[in-house]
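A quick write-up on the structure given underneath.
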Amino acid sequence: MGELYLTPGVSVEPAKGWDLRGGIQLPVTSAKEFDGNIIVILTKGF
Numbered sequence: 004m005g006e007l008y009l010t011p012g013v014s015v016e017p018a019k020g021w022d023l024r025g026g027i028q029l030p031v032t033s034a035k036e037f038d039g040n041i042i043v044i045l046t047k048g049f
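Residue numbering for the sequence shown follows my numbering, starting at 4 and increasing by one per position.
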C-alpha cells in the first residue's frame, strides 16, 4: 500500500510571474519510520 503525505508550507512571489514555495512533507499513513522532507519549489508562470 502507498503512503500519503501532507505538505504545509508557505508561498511567496519574489518577482512578477515567479512563485517560490517551501514546506515540510509529513507522512499521514502509518510509515514504518518517520520520513519527513523539506521541499522547495520555484515555478515560473507563463
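The beta-carbon is built from N, C-alpha and C at its ideal position, and this holds for glycine as well.
Grab the span of the beta strand (DSSP E) containing residue i for me, first residue to last.
i	result
K19	K19 -> no beta strand (DSSP E), and no H or E assigned at all.
T32	Taken as a continuous stretch (DSSP letters only), T32 belongs to no beta strand (DSSP E), as it is neither H nor E.
L45	N40 to K47
So, for residue i: in the same chain, excluding its five sequence neighbours on each side, which residues have a beta-carbon less than 7 Å away from its beta-carbon?
i	result
D38	P30
So, for residue i: in the same chain, excluding its five sequence neighbours on each side, which residues have a beta-carbon less than 6 Å away from its beta-carbon?
i	result
N40	Q28
Quick check: what's the CA-CA separation for residue i versus residue j?
i	j	result
G25	L45	9 Å
S33	I42	21 Å
G5	V15	31 Å
Do residue j and residue i come within 8 Å of each other at the CB atom, strictly closer than that value?
i	j	result
L23	P17	yes
G20	G48	yes
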